[in-house]
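In this note's numbering, the protein residues as written are 1 to 135. Report on one structure; see the data block that follows.
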């Protein structure tokens with residue numbers, strides 16, 4: 001008998017109602033293309049094929065979160081460093097200016113983290129992909 005996908009000879013059959021002849025690789029390729037575990041000939045479920053749904057974080061969300069966290073961390077570190085330099089120089093005018101800068105940086109960091117939290121809770125952050133295999 002011949003495989004209904006590639007038309008090469010095979011003795012393997014599909015574990016569905018029609019028992020069509022098909023290679024395992026050809027069957028998996030057909031299932032992945034159609035994204036369904038039902039037979040494309042008889043429309044009955046194929047018994048010996050399992051599906052595993054894999055989820056991974058969306059790339060744009062991870063990139064945005066990393067850039068936001070690095071920006072907030074760097075700006076907070078830089079403002080604290082400048083504040084320490086002003087204390088070391090005993091320059092009161094620049095100390096108060098930098099203190100205001102630190103406070104505004106902390107406020108912006110808090111705002112950015114709340115924005116990121118809202119983004120993470122309001123949007124679908126994962127990309128799902130089905131992986132088919134023989135049981």
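Just so it is clear, CB atoms sit at the ideal spot from N, CA and C, and this is done for glycine as well.
For the pair residue 134 and residue 38, the CB atoms are not nearer than the 7 angstroms cut-off. Beta-carbon to beta-carbon, residue 72 and residue 109 are separated by about 4 angstroms, close enough to satisfy the 8 angstroms threshold. Residue 2 is not a Cβ neighbour of residue 12, given a cutoff of 7 angstroms. Closest option to residue 15, judged by alpha-carbon separation, among 119, 40, 65: 40. In the structure shown, residue 72 falls within a helical segment according to DSSP collapsed to helix, strand and coil. When only Cα atoms are considered, residue 127 and residue 56 end up about 5 angstroms apart.
For residue 9, the beta-bridge partners assigned by DSSP are 2. Only residues of its own chain outside the window of five on either side were considered, and among them 3, 4, 5, 10, 12, 13, 14, 30 have a CB closer than 8 angstroms to the CB of residue 22, listed in chain order.
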